[in-house]
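Student: Per the numbering used here, the very first residue in the sequence shown carries number 27; after that it's consecutive.
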Amino acid sequence: MALVIVDDCINCDVCEPECPNSAISPGDEIYEIDPTLCTECVGHYDEPQCQNVCPVDCIELNPEHQESKEELMEKYTIITSAA
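#1: What number of angstroms, rounded off, separates the C-alpha of D34 from the C-alpha of G53?
#2: Using a Cβ-Cβ cutoff of less than 6 angstroms, which residues in the same chain neighbour L87 once the five nearest sequence positions on both sides are dropped?
#3: Considering only C-alpha positions, which residue in the set Q92, D60 and E97 is nearest to P11?
#4: In the structure shown, what three-state DSSP assignment does S107 receive?
#5: Can you check the segment 49–107 for any alpha helix (DSSP H) of at least 4 residues that lies completely inside it and give the ranges in chain order?
#6: Going straight from the alpha carbon of V79 to that of C64, what length do you get?
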């Protein structure tokens with residue numbers, strides 16, 4: 027699954043630089059995660075780095091973008107080969 031930032035976000039700016047895929051960006055009111063770029067850090071790290079640094083635990087699995095670890099790895103391969 028891709029991740030999503032929920033309304034508890036305090037715009038502290040710590041998650042954005044931690045994302046190895048540049049999937050996190052400022053939104054109108056809170057930070058947003060682009061589900062086409064989010065791999066939950068699969069291919070880069072063992073766990074999502076944005077969740078590790080979030081002080082208010084507002085980054086959750088996005089039920090609208092369900093993906094297996096294999097699908098996330100495929101997405102990682104595509105993203106990193108395009109870079």
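Glycine included, every Cβ here is placed at the ideal spot set by N, Cα and C.
Tutor: So, to answer that:
#1: Those two C-alpha atoms are separated by around 14 angstroms.
#2: M27
#3: No answer is possible for residue 11: the residues shown for the chain start at 27 and end at 109.
#4: helix
#5: 75–79
#6: Between V79 and C64, the C-alpha separation is close to 16 angstroms.
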